[in-house]
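Engineer:
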Amino acid sequence: QKGVERSIISVVRHDGAWAVELDGDHFGHSPDKEIAKAAANRQARQMLDDGRPCQVRISGEHGFFAT
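In terms of the numbering used here, the numbers along the sequence shown are unbroken and rise by one, the last being 79.
Okay, here's the thing in structure tokens:
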């Protein structure tokens, strides 16, 4: 059985700061990782509201997701 295709939103180090990466584009740059995480979560909420499944991954952290 094939799973649901999800977009992956990543919080990663980029150009000496933290940034959100989605489909090769970087945005939400901040020296504070928590601010970049908040930007990723806002993006995920917008995508989910639009009916687009996604998952947030944060560099250096382990997490979980529910289906």
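Note that beta-carbon positions come from the ideal geometry of N, C-alpha and C, so glycine has one too.
Every value quoted in this text rests on a predicted model; they were computed, and no experiment measured them.
1. I need the boundaries of the alpha helix (DSSP H) containing R64, first residue and last residue.
2. Answer with buried or exposed for V23, where buried requires no fewer than 16 other C-beta atoms within 10 angstroms of its C-beta.
3. Mapping the DSSP letters down to three states, classify R54 as helix, strand or coil.
4. Looking at the secondary structure, which residues open and close the beta strand (DSSP E) in which G40 lies?
5. Of the choices I20, D61, E73 and S42, whose alpha-carbon is the least far from that of E33?
Structural biologist: Per the coordinate set shown:
1. Position 52 of the sequence shown holds residue 64. Segment: none, R64 is in no alpha helix (DSSP H) and carries neither H nor E.
2. Numbered from 1 along the sequence shown, position 11 holds the residue referred to as residue 23. Buried, by the Cβ-count rule.
3. Residue mapping note: residue 54 aligns to position 42 of the sequence shown, counting from 1. Here R54 sits in helix by DSSP.
4. By one-based count along the sequence shown, residue 40 stands at place 28. First-last of the beta strand (DSSP E) with G40: D37 to S42.
5. The sequence position of residue 33 within the sequence shown is 21, counting from 1. Selected option, being the one with the closest Cα: I20.
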